[in-house]
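Asks: Mind having a look at this structure? Questions to follow.
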Amino acid sequence: MDILKVKDNMIIYSYRNGLKTSLCSDLVALVYNKPNIWLIFKNEEVLVHVSMLQIESVLQNNFTRINRQVIVNMNHVSEFIFKDGSYWIHLKRGLEYKISERRKKAVREAFLLYANPNKV
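All the letters of the sequence shown, read from the start, carry residue numbers 1 to 120 under the UniProt record's numbering.
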């Protein structure tokens with residue numbers, strides 16, 4: 001297992017046999033790809049071997065799990081839309097993810113709380 005910790009507004013994670021730090025605000029999304037997780041930052045993507053539960057327990061409140069595989073930083077969300085019979089999140093980086101039926105209410109509430117077109 002790799003290391004992933006959050007301290008203040010910094011995320012510390014395993015990177016190329018060492019450790020690296022980045023701002024939590026630069027973390028756009030986390031995508032589970034069993035048994036690894038992609039940390040998707042504004043300018044790079046990093047693969048780490050940690051559990052989703054471990055990550056969820058250390059992330060700040062503005063991070064919301066939208067389905068079994070994806071956690072997004074709500075400060076990077078540009079749209080919460082309904083298309084093709086499902087709800088979707090669009091991120092300012094151009095990514096889009098489907099919201100699970102069970103999580104749509106919580107994601108909508110988080111969108112209303114954190115989404116701000118002037119941020120990031």
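Glycine included, each C-beta is placed from N, C-alpha and C at the ideal position.
Please read these numbers as outputs of a predicted model, since none were measured by experiment.
If we ignore side chains and look at the alpha-carbon of each, how far apart do residue 70 and residue 37 end up?
Replies: Working through the sequence shown from its first residue, we reach residue 70 at position 70. Working through the sequence shown from its first residue, we reach residue 37 at position 37. Their backbone Cα atoms lie some 9 Å apart in a straight line.
Asks: Report the three-state DSSP secondary structure of residue 95 (helix, strand or coil).
Replies: Taking the first residue of the sequence shown as 1, we reach residue 95 at position 95. Three-state result, residue 95: coil.
Asks: Can you check the UniProt domain "HTH LytTR-type" (42-113) for any beta strand (DSSP E) of at least 3 residues that lies completely inside it and give the ranges in chain order?
Replies: As far as the UniProt domain "HTH LytTR-type" (42-113) is concerned, its whole beta strand (DSSP E) runs of at least 3 residues are 45-48, 63-65, 70-73, 77-83, 86-91 and 96-98.
Asks: Among the residues of its own chain, which have a CB less than 6 Å from the CB of residue 45, if the five just before and after it don't count?
Replies: By one-based count along the sequence shown, residue 45 stands at place 45. For residue 45, where only same-chain residues beyond five positions count, the Cβ hits under 6 Å are 38.
Asks: Is it true that the CB of residue 84 sits closer than 7 Å to the CB of residue 49?
Replies: Position 49 of the sequence shown, counted from the start, is the residue given in the question as residue 49. Position 84 of the sequence shown, counted from the start, is the residue given in the question as residue 84. No, these two residues do not count as a Cβ contact at 7 Å.
Asks: Please state whether the Cβ-Cβ distance between residue 40 and residue 22 is less than 7 Å.
Replies: To locate residue 40, count along the sequence shown from 1; it is residue 40. To locate residue 22, count along the sequence shown from 1; it is residue 22. Going by C-beta atoms, residue 40 is not nearer than 7 Å to residue 22.
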